[in-house]
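Student: Which chain is which? The protein sequence lines are R and E, in order. In this note's numbering, each residue's number is its place in the first sequence (first place is 1) plus 1318. In this note's numbering, each residue's number is its place in the second sequence (first place is 1) plus 1318. Have a look at the structure that comes next, please.
2 protein chains.
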Amino acid sequence: MFKPIGYHLIADIRTDDAVEKKRLEDLSLMRQLLADAADAAGAKCLNIQGHKFGEGQGVTAFAMLAESHISIHSWPEHGFLALDVFMCGSSSEHIQKALAVFASALPTAKINEKCVERDYVGRTT
Amino acid sequence: MFKPIGYHLIADIRTDDAVEKKRLEDLSLMRQLLADAADAAGAKCLNIQGHKFGEGQGVTAFAMLAESHISIHSWPEHGFLALDVFMCGSSSEHIQKALAVFASALPTAKINEKCVERDYVGRTT
C-alpha cells in the first residue's frame, strides 16, 4: 500500500465566541497548545518559536518537529486561526490528535480541514 | 471580488540530480534560500530557524514572516523537498516569486504545486 512521506493537515478554524477570540491573542496559550499538540500526535518537538504582533492582535507560532512541523497564525479580530500539521513517518490519525488539542481549546469553533499527502512528484502506488 | 486572508502554496519538489540532492543537505544554503524567497515575495522576515538531522540527512527550516511563513523539509536521499509558502495580505503572484527562488537552486527538479486559499470557514464571495 502506498504510504506518502508525510501527511499535511490544513485547518481553517473560526470562532464567533468572544472568550475564544481572546485566546487567539494569547501567545503563551498558543505555545502551550503547540507543545500539547505535538505530544498528542506522538511527535518529538525540537523547539517552539512564537511572535505576537501587538496588543489585541494575532500571533504566529511554529513547533519544529523531528517529524516536520506544526504552525499557527491567528487573527483574533476575525476569530480566525490557520493551523498546519505536517508530519512525516506518521499517520493521518496522529495528525487528527494534534487538531483535537486546538479544537478542545476552541470548543464552539467551526473547522474546515483537508489532509494533503506530501511525497515525490509523480510517484505511483 | 473575494480576497482570502492568505494564499498558501504547497510545493512537492523532486530532483534526480546528484549535485542538487547535495544541496538539500545544506542547511546554510537552505536558510539563505528562505531569506531570498522572503525578499523575492516582498515579505518581512522576522526570523529563520533551522535544524539539520545529521550527516547526509535532511534539514528542516522555517522563516517566520510578518505575513505568515515559509517552511521547508528536505529528504536528500529521495531528492525530495517539501516547500510551503503561506502569505497573508499578499497575492498568489508574490508567492510564485518565492517558489522561483527554490526552483532556480534546483534547476532540473520537477515541481508539483497547488495553491490553497486560507480564510474563514464558510465565507462567501
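Backbone N, C-alpha and C fix where the C-beta goes; we use that ideal spot for every residue, glycine too.
If we cut at 7 Å on Cβ distances, does residue 1367 (chain R) have a partner in chain E?
Tutor: The residue given as residue 1367 (chain R) occupies position 49 in the first sequence. Chain E contact via Cβ: present.
Student: Along the segment 1386-1397 of chain R, what residues have a CB closer than 9 Å to any CB found in chain E?
Tutor: 1386, 1387, 1389, 1391, 1393, 1396 and 1397
Student: Please decide whether residue 1321 (chain E) counts as near chain R, where near means a Cβ-Cβ distance under 7 Å.
Tutor: Numbered from its first residue, the second sequence carries residue 1321 (chain E) at position 3. With 7 Å as the cut-off, residue 1321 (chain E) does not count as an interface residue toward chain R.
Student: Would you identify the three-state DSSP class for residue 1350 (chain R), choosing helix, strand or coil?
Tutor: For this step, residue 1350 (chain R) is matched to residue 32 along the first sequence. Residue state, collapsed to three classes: helix.
Student: Establish whether the CB of residue 1382 (chain E) and some CB of chain R are separated by less than 7 Å.
Tutor: Position 64 of the second sequence holds residue 1382 (chain E). At a cut-off of 7 Å between beta carbons, residue 1382 (chain E) contacts chain R.
Student: Do you know offhand how far residue 1382 (chain R)'s Cα is from residue 1353 (chain R)'s?
Tutor: The residue given as residue 1382 (chain R) occupies position 64 in the first sequence. The residue given as residue 1353 (chain R) occupies position 35 in the first sequence. If you take the alpha carbons of residue 1382 (chain R) and residue 1353 (chain R), they lie about 10 Å apart.
Student: Rounded to whole angstroms, what's the CA-CA distance from residue 1394 (chain E) to residue 1372 (chain R)? Just pull it up for me.
Tutor: In the second sequence, counting from the first residue as 1, residue 1394 (chain E) sits at position 76. In the first sequence, counting from the first residue as 1, residue 1372 (chain R) sits at position 54. One C-alpha to the other measures close to 39 Å.
Student: What is the DSSP secondary structure of residue 1345 (chain R), reduced to helix, strand or coil?
Tutor: Indexing the first sequence from 1 puts residue 1345 (chain R) at position 27. Correct three-state label for residue 1345 (chain R): helix.
Student: Using a Cβ-Cβ distance under 7 Å, would residue 1332 (chain E) count as near chain R?
Tutor: Residue 1332 (chain E) sits at position 14 when you count from the first residue of the second sequence. Yes - at least one Cβ of chain R is within 7 Å of the one on residue 1332 (chain E).
Student: Pick from R:1324, R:1321 and R:1333: whose alpha carbon is nearest that of residue 1400 (chain R)?
Tutor: Residue 1400 (chain R) sits at position 82 when you count from the first residue of the first sequence. With distances taken between Cα atoms, residue 1400 (chain R) lies closest to R:1333.
Student: Over the uninterrupted beta strand (DSSP E) stretch that includes residue 1327 (chain R), give me the two end residues.
Tutor: Taking the first residue of the first sequence as position 1, residue 1327 (chain R) is located at position 9. Residue 1327 (chain R) -> beta strand (DSSP E) spans 1324-1332.
Student: From which residue to which residue does the beta strand (DSSP E) around residue 1411 (chain R) run?
Tutor: If you number the first sequence from 1, residue 1411 (chain R) lands on position 93. Segment 1410-1423 is the alpha helix (DSSP H) holding residue 1411 (chain R); no beta strand (DSSP E) there.
Student: For the candidate residues R:1403, R:1437, R:1348 and R:1425, whose alpha-carbon lies nearest to that of residue 1431 (chain R)?
Tutor: Sequence index remark: in the first sequence, residue 1431 (chain R) carries index 113 (1-based). Residue 1431 (chain R) has its Cα closest to that of R:1403, out of R:1403, R:1437, R:1348 and R:1425.
Student: Does the beta-carbon distance from residue 1407 (chain E) to residue 1385 (chain E) come in below 7 Å?
Tutor: Taking the second sequence and counting its residues from 1, one reaches residue 1407 (chain E) at position 89. Taking the second sequence and counting its residues from 1, one reaches residue 1385 (chain E) at position 67. Result yes, Cβ atoms of residue 1407 (chain E) and residue 1385 (chain E) sit closer than 7 Å.
Student: Report the CB separation of residue 1398 (chain R) from residue 1355 (chain R) in whole angstroms; it is logged as a contact under 8 Å.
Tutor: Counted from its first residue, the first sequence places residue 1398 (chain R) at position 80. Counted from its first residue, the first sequence places residue 1355 (chain R) at position 37. Between residue 1355 (chain R) and residue 1398 (chain R) the Cβ distance is about 18 Å, and since that is not below 8 Å, they are no contact.
Student: With a 10 Å radius around its C-beta and 16 neighbouring C-beta atoms as the bar for buried, classify residue 1411 (chain E) as buried or exposed.
Tutor: Taking the first residue of the second sequence as 1, we reach residue 1411 (chain E) at position 93. By the neighbour-count rule (16 or more Cβ atoms within 10 Å), residue 1411 (chain E) is not buried but exposed.
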